[in-house]
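To start, the structure under review is shown below, and the notes come after it.
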Amino acid sequence: MDTGIIIVGIILIALSILPFVLAQRNRRKRERKLFQSLSNIATKQNCEITQYECSDDYIIGIDETSNFLFFFKQIKDTKVSQFLNLSEIQHCKTINISRTNGSIKKIDKLELSLLSSSNSKANIILELYNSEERMQLGDDLQLVERWEKKINELLKHNHQRINQTV
125 MDTGIIIVGI ILIALSILPF VLAQRNRRKR ERKLFQSLSN IATKQNCEIT
175 QYECSDDYII GIDETSNFLF FFKQIKDTKV SQFLNLSEIQ HCKTINISRT
225 NGSIKKIDKL ELSLLSSSNS KANIILELYN SEERMQLGDD LQLVERWEKK
275 INELLKHNHQ RINQTV
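Going from the sequence shown to the working numbering is simple: count from 1 and add 124.
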């Protein structure tokens, strides 16, 4: 009798854990695919990703040595890839497009806006989250704020280095 209860208990525990294990495995597989796509973009520019972060459907990365930023996003069959030479960028800021319904604030879009150093070039927008494409906002807000800070610190460091050589 005790053996039967133990076996049933083990089976129930295994069935409870299985969805989490499968979800984690699928997430790692998706991250590997995203990283491979980002790495391919970087390789074409003779760069190597030194830092990166993934979300559900996009990855952003940087080559700190070559001063390039890379972005790849895939929603269903639509793929968006961008690479930017950060020496051509003046400033980065987060754009949070949201609406308020009563006391509830809903984020519709999260973007990184990169201001070009040249007046003749338009700002570059990297759309990290869009509520029309993905219902659930994960850690995208924290991720976009981290990357805004990271990019601006790198830009500041590069501008200081350029000013010292002049």
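The beta carbon of each residue, even a glycine, is placed where N, CA and C say it ideally should be.
All of these numbers come straight from a predicted model, not from anything done at the bench.
Between the Cα of residue i and those of the options, spot the shortest distance and give me the residue it belongs to.
i: L250; options: L261, D263, S242, V268; result: V268
i: N243; options: I213, S222, Q266; result: I213
i: R270; options: I184, I228, I231; result: I184
Can you tell me whether DSSP reads residue i as helix, strand or coil?
i: D187; result: strand
i: R258; result: coil
i: S244; result: coil
i: Q148; result: helix
i: S227; result: coil
i: Q198; result: strand
i: E235; result: strand
i: Q214; result: strand
For residue i, which residues of its own chain have a beta-carbon under 8 Å away from its beta-carbon, when the five flanking residues on both sides are left out?
i: G262; result: S179, D180
Between which residues of its own chain and residue i is the CB-CB distance below 6 Å, once the five residues before and five after are set aside?
i: S211; result: N191
i: S200; result: According to the sequence shown, residue 200 is Lys rather than Ser. Closer than 6 Å at the Cβ level, and outside the excluded window around K200, lies no residue.
Under a CB-based cut-off of 9 Å, is residue i close to chain B?
i: G262; result: Any reference to chain B falls outside this structure, which holds one protein chain only.
Since residue i is in the beta strand (DSSP E), which residue starts that stretch and which ends it?
i: E177; result: 175-178
Roughly how far, in whole angstroms, is the beta-carbon of residue i from the beta-carbon of residue j, given that I think they are within contact range, below 8 Å?
i: F113; j: I165; result: Beyond the ends of the chain as shown, which are 125 and 290, falls residue 113; an answer cannot be given.
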